[in-house]
Amino acid sequence: MLQAKWTHTTIQTAAAAYAMVEQFNKSKTILAGAFDTETTGLHIILDTPFLFQFGWVTNKLEGYTYAVDIERQPHLAKQVITYWHKLAKTLPVYLAHNVKFDLHMLQNIGLAYDGDNISDSQFYIRYAHDALSPDKGGPPMKLKEYASKYITPSAKNHELLLKQERTAIAKMYNQKLTAKMREYGYTMKKLDELFADPVFTADDLPAGPRQAYYDWLNNDIPYWLKPKIEARVESEMIQYNKLNRERVIEYAHLDIVWVLEIFLKLKPALEARHNEKGVEIENQLIYPLLEMENTGFHARKEYLMECRDNLKAYIIERRQDLYKLAGEKIKVGQHERIKQLLLERFGCNVTSSSGDELDLLKSSLIRSGKSPECVQFIETLDELRTLEKWYSVYVLRFIRELRDTDRLYTTINQVGTVSGRVTSDFQQFPKDAIKTKDGKELFHPRKIIDVVGDYDAIAYLDFSQIELRFQALYTILVGHPDLNLCRAYMPYKCVRKTQSGKLIPFNYNDPADIKQAYSIPWYYEENPTETWKATDVHGATTKAAFDIDESDPDFHRLRYIGKRVNFAKNYGAQYRKICQMFPEYDAERCRKIDAAYYTAFPGVKEYHSYCYARQQYSYTSNLFGIRYYNVPGHNLINMLVQGSAAFYLKLKIIELYNYAKSHNLKTRWQMQIHDELSWEHYKDEPLEEFFEFKHIMESWNDGLVPLVADMEVTTTAWADKVEVENITELKGAVYGKRASDDPCA
36 MLQAKWTHTT IQTAAAAYAM VEQFNKSKTI LAGAFDTETT GLHIILDTPF LFQFGWVTNK
96 LEGYTYAVDI ERQPHLAKQV ITYWHKLAKT LPVYLAHNVK FDLHMLQNIG LAYDGDNISD
156 SQFYIRYAHD ALSPDKGGPP MKLKEYASKY ITPSAKNHEL LLKQERTAIA KMYNQKLTAK
216 MREYGYTMKK LDELFADPVF TADDLPAGPR QAYYDWLNND IPYWLKPKIE ARVESEMIQY
276 NKLNRERVIE YAHLDIVWVL EIFLKLKPAL EARHNEKGVE IENQLIYPLL EMENTGFHAR
336 KEYLMECRDN LKAYIIERRQ DLYKLAGEKI KVGQHERIKQ LLLERFGCNV TSSSGDELDL
396 LKSSLIRSGK SPECVQFIET LDELRTLEKW YSVYVLRFIR ELRDTDRLYT TINQVGTVSG
456 RVTSDFQQFP KDAIKTKDGK ELFHPRKIID VVGDYDAIAY LDFSQIELRF QALYTILVGH
516 PDLNLCRAYM PYKCVRKTQS GKLIPFNYND PADIKQAYSI PWYYEENPTE TWKATDVHGA
576 TTKAAFDIDE SDPDFHRLRY IGKRVNFAKN YGAQYRKICQ MFPEYDAERC RKIDAAYYTA
636 FPGVKEYHSY CYARQQYSYT SNLFGIRYYN VPGHNLINML VQGSAAFYLK LKIIELYNYA
696 KSHNLKTRWQ MQIHDELSWE HYKDEPLEEF FEFKHIMESW NDGLVPLVAD MEVTTTAWAD
756 KVEVENITEL KGAVYGKRAS DDPCA
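Take the sequence shown: its position 54, counting from 1, is numbered 89 in the numbering used here, and each next residue is one higher.
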């Protein structure tokens, strides 16, 4: 149910614009304003808005929305938006839903907004509700979905009308395709089946139907739609500015209503839960992330085209191997048929053909030594699923996105997870290459990204094991500092020696000791003659799992097991998962491997117990005061660590952004991926700035565990980055033989 009474006005004359200003000035106490854009598409750089809508709501619950048509009345729209920006800067809070996208759209038409009162209704949804994802009962994050569930059930009605219109237009174009293809015996169903194969293109059609398809594409499809089509026209491809304009304008007005009604509903809840700090931090993060999104990555188109051809050929080759093993032609997505084949051909019964289920079966078969043919079938199937995913999700998608630009862009979702960790398309960007079974490289995602133009290098600062460091910190805070984990990152229970020979204990509560944790020698408290060396956390688990130490010839070979176990246990893996991960070991050894984590890190077990005990309370705060409400203990284990690390990084991004702006740096943000930040270095600026960035990232006066940001740099491609530890090495990596010279020398 709507709280406010709403008045909608579409500005079509100067008089209507003046009346809007008068109404704004008469509205005594405005609680919040909002804005939105209707656009030609979703590309943050190449698309533009054709409608701009805005509005506000007062403390008397009187709401006003306005829309102006940029496409049909560009001069009037420019004047209205320019003047509205001045008024908007006086608002206590100025909202949009997915605000960075709309800020991009305004930039794209030269009417950027730069007020300091920007916020996002998504932030209110995230921090006023329980910390649960939608699939676990948490709130939906999409505007109309949220509004229809919590504001009014009719919130989706206009969207459905527009969807029906888009579907009808798409159907009209597709009927023309069907008519042309019919004489060759091709129905739309048959075409859909062909194009469902990621390696199939229109060029693979026989000559007659191929000519008919391209005749349709070139003669029946308008210029704005043509670049979007890979097979048929989908309704999502139809631009909103091609729809009934009056209906779109009604839809546009209502978007402002939903945003401001969400604000009215959730602001009291946010305050009651004392989670305003989360929104404040997210607000400050908007412009830094906007700058990252604007920069994007320069991409090597020719490399992607080469990888496309090589991957396609190899996928076709490996499919033949799969057909031979299966005894028939089969697609990797035919889940029911795969289950039947496993039973009929190999005598293996599974409940599903998902990756996890097949991996568990494969582990069991390897452990028992049974049915090597089935193992080979599963491995080939798994390889093809990966190949086809990389081919479509990375190679083909990037080639499409690079049609009209030489850079790849993405949007960063600040509240993509309930913990607060950001998400984006590039968060899952693979680090390693995909290769043939013979080891030939087919595609390396990080070879796409390179260095060009006035920017002579890309520098990376990556927090070293930040979540494990926060894990160590939490063991201290719950009163059970873990010896192995703490000693991995600082000289815990160690001493330093004065000139007089006095032994001074390391004190993690002393910022001075934290700062000099790595710069002076420390000695073990139990053996003051032995210098402290950081514990190998993965080695510690390996020792407990196999009852060996570094002197054992198999230690380094087995260390990868400790590493995999540590990450798996941090995410809540249990014994069954450990068995699946290590099919080469029997059940008894897997139990030992599973138990090794808590054996190596008993303080972590105490932290886990703390999290389970918190279930009796309504909320638990992370280290930066963000409250997570009604979270089960097993979820809280990772959420507190991940969320604290995420908010530390968010605060550092804000600090780095303010530093760069205050120093007028042309060196520009590129992206945040997980715990790594990257910048494109402007060729005429001193490289020393990166060490100032590093200092900012590592400085935490309240921290009880030292944080470290490792630096890497490349002058060619992302895949070629090298680690540097000091300014001499950095200059050497960037300027080569002129390492000691200025770049312009």
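For every residue, glycine included, the Cβ atom is placed at its ideal position computed from N, Cα and C.
Would you kindly report the start and end of the unbroken beta strand (DSSP E) that includes residue 562?
Here the question's residue 562 lines up with position 527 in the sequence shown. Looking at the DSSP string, the run of the beta strand (DSSP E) that includes residue 562 is 562-566.
Buried or exposed: residue 403, going by 16 or more other Cβ atoms within 10 Å of its Cβ?
Stepping through the sequence shown from its first residue, residue 403 is reached at position 368. Exposed.
Between the region 706-716 and the region 484-496, do at least 3 Cβ pairs fall closer than 8 Å?
They touch, by the three-pair rule.
Over the uninterrupted beta strand (DSSP E) stretch that includes residue 44, give me the two end residues.
The residue you call residue 44 lines up with position 9 of the sequence shown. Unbroken beta strand (DSSP E) run through residue 44: 40-46.
Out of 43, 721, 677, 302, state which residue places its alpha-carbon closest to the alpha-carbon of residue 287.
Counted from its first residue, the sequence shown places residue 287 at position 252. Selected option, being the one with the closest Cα: 43.
Quick check on DSSP: helix, strand or coil for residue 473?
Translated into positions along the sequence shown, residue 473 becomes position 438. Correct three-state label for residue 473: coil.
Alpha helix (DSSP H) containing residue 574: first to last residue?
For this step, residue 574 is matched to residue 539 along the sequence shown. 572-581 is the span of the alpha helix (DSSP H), which, as asked, contains residue 574.
Would you tell me roughly how many angstroms separate the C-alpha atoms of residue 682 and residue 546, rounded to the nearest one?
Within the sequence shown, the letter at position 647 stands for residue 682. Within the sequence shown, the letter at position 511 stands for residue 546. Taking the straight line from one Cα to the other gives about 20 Å.
Taking contact to mean at least 3 C-beta pairs separated by less than 8 Å, is the region 570-577 in contact with the region 587-603?
They touch, by the three-pair rule.
First and last residue of the alpha helix (DSSP H) that includes residue 292?
Walking along the sequence shown from the start, residue 292 turns up at place 257. Run containing residue 292: 280-307, per the alpha helix (DSSP H) assignment.
Could you name the residues of the same chain whose beta carbon sits closer than 6 Å to that of residue 52, not counting the 5 residues immediately before and after it, in chain order?
The sequence position of residue 52 within the sequence shown is 17, counting from 1. For residue 52, where only same-chain residues beyond five positions count, the Cβ hits under 6 Å are 46, 115.
With DSSP run on the structure shown, which of helix, strand or coil describes residue 810?
An answer regarding residue 810 cannot be provided, because it is not within the stretch 36 to 780 covered by the chain.
Look at the alpha carbon of residue 325 and the alpha carbon of residue 346, and state the distance between them as a whole number of angstroms.
For the purposes of this step, residue 325 is taken as residue 290 along the sequence shown, with counting starting at 1. For the purposes of this step, residue 346 is taken as residue 311 along the sequence shown, with counting starting at 1. Roughly 34 Å between the two C-alpha positions.
Let me check understanding here. Comparing Cα to Cα, which of 380, 373, 401 lies closest to residue 389?
Counting from 1 along the sequence shown, the entry for residue 389 is found at position 354. Among 380, 373, 401, the Cα nearest to that of residue 389 is on 373.
Looking at the unbroken alpha helix (DSSP H) that takes in residue 323, where does it start and where does it end?
In the sequence shown, counting from the first residue as 1, residue 323 sits at position 288. First-last of the alpha helix (DSSP H) with residue 323: 311-330.
Taking the beta carbon of residue 705 as the centre, do at least 16 other beta carbons fall within 10 Å, making it buried, or is it exposed?
Here residue 705 refers to the residue found at position 670 of the sequence shown. By the neighbour-count rule (16 or more Cβ atoms within 10 Å), residue 705 is buried.
Starting from residue 154, trace the beta strand (DSSP E) both ways and give me its first and last residue.
In the sequence shown, counting from the first residue as 1, residue 154 sits at position 119. Run containing residue 154: 153-155, per the beta strand (DSSP E) assignment.
Report yes or no: do three or more beta-carbon pairs, one from the region 249-261 and one from the region 189-198, lie closer than 8 Å?
These segments do not touch.
Does residue 691 pass the burial test, meaning 16 or more other C-beta atoms within 10 Å, or should it be called exposed?
Sequence index remark: in the sequence shown, residue 691 carries index 656 (1-based). Classification for residue 691: buried.
Less than 8 Å between the beta carbons of residue 103 and residue 85, yes or no?
As a first step, residue 103 is located in the sequence shown; it is residue number 68 there, counting from the start. As a first step, residue 85 is located in the sequence shown; it is residue number 50 there, counting from the start. No, the Cβ-Cβ distance between residue 103 and residue 85 is not below 8 Å.
Only counting the same chain, and skipping five residues up and downstream in sequence, which positions put a Cβ closer than 7 Å to that of residue 243?
Here residue 243 refers to the residue found at position 208 when the sequence shown is read from its first residue. Excluding residues within five positions, the ones whose Cβ falls inside 7 Å are 219.
Kindly indicate which residue of 504, 738, 57 has the alpha-carbon position closest to the one of residue 543.
Residue mapping note: residue 543 aligns to position 508 of the sequence shown, counting from 1. That would be 738, whose Cα lies nearest to the Cα of residue 543.
Among the residues of its own chain, which have a CB less than 7 Å from the CB of residue 367, if the five just before and after it don't count?
The residue given as residue 367 occupies position 332 in the sequence shown. Answer for residue 367: 416, 419, 420, 423, listed in chain order.
Over the uninterrupted beta strand (DSSP E) stretch that includes residue 130, give me the two end residues.
One-based indexing of the sequence shown puts residue 130 at position 95. Here the beta strand (DSSP E) through residue 130 covers 129-131.
Once you ignore the five residues that flank residue 777 on each side, which residues in its own chain have a CB closer than 7 Å to its CB?
In the sequence shown, the residue the question calls residue 777 occupies position 742. Any answer about residue 777 is weak, because its pLDDT of 49 lies below 50 and its placement is not dependable; what the coordinates show is given next. Contacts found: none.
Helix or strand or just coil, what does DSSP make of residue 276?
As a working note, residue 276 is residue 241 in the sequence shown. In the structure shown, residue 276 sits in a helix (DSSP, three-state: H, G or I).
Answer yes if the region 444-451 comes into contact with the region 661-680, meaning at least three C-beta pairs across the two stretches below 8 Å, and no otherwise.
Taking 8 Å as the limit for Cβ pairs, the verdict is that the region 444-451 does not touch the region 661-680.
Please classify residue 344: is it buried, with 16 or more other beta-carbons within 10 angstroms of its beta-carbon, or exposed?
One-based indexing of the sequence shown puts residue 344 at position 309. Exposed, by the Cβ-count rule.
Whether or not the region 269-284 and the region 623-631 are in contact is what I'm after, with contact meaning three or more pairs of Cβ atoms, one per stretch, closer than 8 Å; do they touch?
Cβ pair count under 8 Å is below three, so no.
Are the CB atoms of residue 36 and residue 187 nearer to each other than 8 Å?
Taking the first residue of the sequence shown as position 1, residue 36 is located at position 1. Taking the first residue of the sequence shown as position 1, residue 187 is located at position 152. Yes, these two residues count as a Cβ contact at 8 Å.
Closer than 6 Å by C-beta to residue 775: which residues in its own chain qualify, once you throw out the five before and the five after it? Chain order, please.
Here residue 775 corresponds to residue number 740 of the sequence shown, with the count starting at 1. Unreliable placement is indicated for residue 775, whose pLDDT of 44 sits below 50; no coordinate value is reported for it.
Are three or more beta carbon pairs between the region 553-571 and the region 524-536 nearer than 8 Å?
Yes: at least three Cβ pairs fall under 8 Å.
Which residue from 296, 227, 490, 520 puts its Cα closest to that of residue 157?
Translated into positions along the sequence shown, residue 157 becomes position 122. Nearest C-alpha to residue 157: 296.
Roughly how many angstroms lie between the CA atoms of residue 436 and residue 587, to the nearest whole one?
Residue numbering aside, residue 436 sits at position 401 when the sequence shown is read from its first letter. Residue numbering aside, residue 587 sits at position 552 when the sequence shown is read from its first letter. Near 51 Å, if we compare the C-alpha coordinates of residue 587 and residue 436.
Would you report the Cα separation of residue 427 and residue 229, rounded to the nearest angstrom?
Looking up residue 427 in the sequence shown gives position 392. Looking up residue 229 in the sequence shown gives position 194. So the two alpha carbons sit approximately 15 Å from each other.
Do you know offhand how far residue 740's Cα is from residue 375's?
Counting from 1 along the sequence shown, the entry for residue 740 is found at position 705. Counting from 1 along the sequence shown, the entry for residue 375 is found at position 340. Computed Cα separation, rounded: 54 Å.
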